[in-house]
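Be aware that the sequence shown starts at 1, since it is given in this note's numbering, and climbs by one per residue.
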Amino acid sequence: MSTYCPSQLERESTDKPWGLTPRQLTQRSRVRETYLLPCNILQSVWRVTAVGGVYYTVKGISPIIAAVLLTGFTVSVAVVTAPFYTDTLESSQEGVEDRQDDLLDSTSARLDILDVVYNTQDGFLNLTIQNNGETELTNFSVTGFADSPVQEQFTEPLDTNEITTFTMATPGTGNVDRVEVASQQFSAMDVIDLKDLAAGTPPPTPEGITIN
1 MSTYCPSQLE RESTDKPWGL TPRQLTQRSR VRETYLLPCN ILQSVWRVTA VGGVYYTVKG
61 ISPIIAAVLL TGFTVSVAVV TAPFYTDTLE SSQEGVEDRQ DDLLDSTSAR LDILDVVYNT
121 QDGFLNLTIQ NNGETELTNF SVTGFADSPV QEQFTEPLDT NEITTFTMAT PGTGNVDRVE
181 VASQQFSAMD VIDLKDLAAG TPPPTPEGIT IN
């Protein structure tokens with residue numbers, strides 16, 4: 001088969017129905033042969049269809065040009081979407097690291113009650129606690145259990161090995177027989193039963209700890 005350029009084929013066509021689409025041509029006549037004839041590697045490819053012995057040409061896109069366009073489109077999409085995926089990946093990594101840090105802090109958190117002073121006449125309770133863990137604690141809740149339980153919140157932070165005293169009013173609650181302190185940050189808590197303590201005898205202070 002000889003390779004023709006469209007100009008040669010058009011000159012040899014004797015009855016070219018202008019305005020008809022290739023689909024209309026195939027509906028009117030029986031298609032005998034179809035060829036892809038490149039005139040030049042840098043030019044477009046022409047689709048040549050023989051209908052009833054007459055050649056008709058329909059211009060297409062060169063595979064090389066199509067590949068270049070597809071590559072350019074892919075690169076453009078990658079450039080546009082890369083920052084979004086980068087930020088999403090970094091945010092996910094930071095979230096995982098934060099959860100790991102919180103888990104380690106939770107396992108190393110510890111809170112102990114050192115002393116309780118409960119004045120039933122004046123209606124107040126002093127609670128001395130110590131952070132014996134390896135992470136800072138904050139957001140404390142102190143609960144006194146009695147006929148009518150009473151609770152109070154304390155937001156001051158408590159660093160590792162630091163000691164502090166919370167004072168809580170307990171008017172009209174009845175006799176408090178149990179006290180609970182908890183850090184809502186890492187679920188560290190301690191409970192003391194006042195019925196088990198001798199009057200005027202606070203729990204012993206650990207060695208090396210000074211209470212100001």
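Heads up, the beta-carbon is just placed ideally off N, CA and C, and yes, glycines get one too.
Note that the structure is a prediction, hence the values are computed from the model and not measured.
Does the distance from the CB of residue i to the CB of residue j come in under 8 Å?
{"i": "phenylalanine 166", "j": "phenylalanine 154", "result": "yes"}
{"i": "alanine 109", "j": "leucine 137", "result": "yes"}
{"i": "asparagine 131", "j": "leucine 158", "result": "yes"}
{"i": "serine 183", "j": "leucine 111", "result": "yes"}
{"i": "threonine 164", "j": "isoleucine 129", "result": "yes"}
Leaving out five residues before and five after residue i in sequence, what residues of the same chain have Cβ atoms less than 6 Å from its Cβ?
{"i": "arginine 28", "result": "Caution applies to arginine 28, whose pLDDT of 43 falls short of 50 and renders its modelled position unreliable; the model cannot decide the point."}
{"i": "valine 191", "result": "Glu180"}
{"i": "glutamate 162", "result": "Asn131"}
Counting only the same chain and skipping the five closest in sequence on each side, list residues whose C-beta sits under 7 Å from that of residue i.
{"i": "asparagine 175", "result": "Thr120, Ala146"}
{"i": "leucine 194", "result": "Val116, Tyr118, Val176, Asp177, Arg178, Val179"}
{"i": "aspartate 152", "result": "For the sequence presented, residue 152 should be read as glutamate rather than aspartate. For glutamate 152, where only same-chain residues beyond five positions count, the Cβ hits under 7 Å are Val142, Met168."}
{"i": "glutamate 134", "result": "Ser108, Thr160"}
{"i": "glycine 123", "result": "Ala169, Thr170, Pro171"}
{"i": "glycine 72", "result": "none"}
Ends of the beta strand (DSSP E) at residue i?
{"i": "leucine 111", "result": "111-119"}
{"i": "asparagine 126", "result": "124-131"}
{"i": "glutamine 153", "result": "150-154"}
{"i": "phenylalanine 145", "result": "140-145"}
{"i": "threonine 165", "result": "163-169"}
So what does residue i bridge to, in DSSP terms?
{"i": "aspartate 193", "result": "Arg178"}
{"i": "serine 76", "result": "BP columns for serine 76 are empty, so no partner."}
{"i": "leucine 158", "result": "Leu137"}
{"i": "alanine 188", "result": "Ser183"}
Leaving aside the five residues before and after residue i along the sequence, list all residues of the same chain whose C-beta is less than 8 Å from its C-beta, in chain order.
{"i": "asparagine 40", "result": "Annotation note: pLDDT 45 at asparagine 40 (below 50); position unreliable, no value reported."}
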